[in-house]
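The sequence shown begins at 63 in our numbering and counts up by one. Read the structure below first, then the notes.
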Amino acid sequence: KRKARERLTSERGLMHRSKRPIEPEAVFGQMKYNMQYKRFRHFGKGKVTMDFAFFAIAFDIKKMAAVMRKQAQNGLSKAVFIPIYRLYNAKCGFVGACDRFYIKKAA
63 KRKARERLTS ERGLMHRSKR PIEPEAVFGQ MKYNMQYKRF RHFGKGKVTM DFAFFAIAFD
123 IKKMAAVMRK QAQNGLSKAV FIPIYRLYNA KCGFVGACDR FYIKKAA
């Protein structure tokens, strides 16, 4: 224990600790209490993984919607979509080009 404490309080240990991510417990607390998600709805490792993946996607979309709502209140709603549109437009040439390419490839 003493050796571990010395390593953690050393200059190098403090540097590593400062780079550690924020603890994820807050997300699980929100999942359980704010969103009423206390049990997985499926059985088996693969199905539970899929179930949690859907929850994580929904959680991220909820966070993104909150950010966009806040930006819209500040008059910045286009700031999110313009870079996405430019990236899509640069890759495809114009907006409908990629869609037609995928339709041809699928058929």
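Backbone N, C-alpha and C define an ideal beta-carbon position, used for all residues, glycine too. In this text, all values refer to a predicted model and were calculated from it rather than measured experimentally.
> What's the gap between the Cα of Q222 and the Cα of A127?
Replying inline: Only positions 63 to 169 of the chain appear in the structure, and residue 222 is not among them; the question remains open.
>> Starting from R131, trace the alpha helix (DSSP H) in both directions and tell me its first and last residue.
In response: On the sequence shown, position 69 is the one that residue 131 refers to. Start and end: K107 to Q135.
> Just how far apart, CA to CA, sit A88 and T111?
Replying inline: Sequence index remark: in the sequence shown, residue 88 carries index 26 (1-based). Sequence index remark: in the sequence shown, residue 111 carries index 49 (1-based). Spanning the two alpha carbons is a distance of roughly 20 Å.
> Just the Cα atoms here: how many angstroms apart are T71 and Q92?
Replying inline: Looking up residue 71 in the sequence shown gives position 9. Looking up residue 92 in the sequence shown gives position 30. Cα to Cα, T71 sits roughly 32 Å from Q92.
>> Could you check whether the region 72-80 touches the region 95-113, counting it as contact only if at least three pairs of C-beta atoms, one from each stretch, sit closer than 8 Å?
In response: no
> Anyone know if the C-beta pair for D113 and F121 falls short of 8 Å?
Replying inline: Position 51 of the sequence shown holds residue 113. Position 59 of the sequence shown holds residue 121. Not closer than 8 Å, so no.
> Apart from the five residues on each side of it in sequence, which residues of its chain come closer than 7 Å, Cβ to Cβ, to A115?
Replying inline: Working through the sequence shown from its first residue, we reach residue 115 at position 53. Cβ within range, chain order: n/a, list empty.
>> Please report the distance separating the alpha-carbon of I119 from that of V129.
In response: As a first step, residue 119 must be located in the sequence shown, where it is residue number 57. As a first step, residue 129 must be located in the sequence shown, where it is residue number 67. Rounded to the nearest angstrom, the two C-alpha atoms are 15 Å apart.
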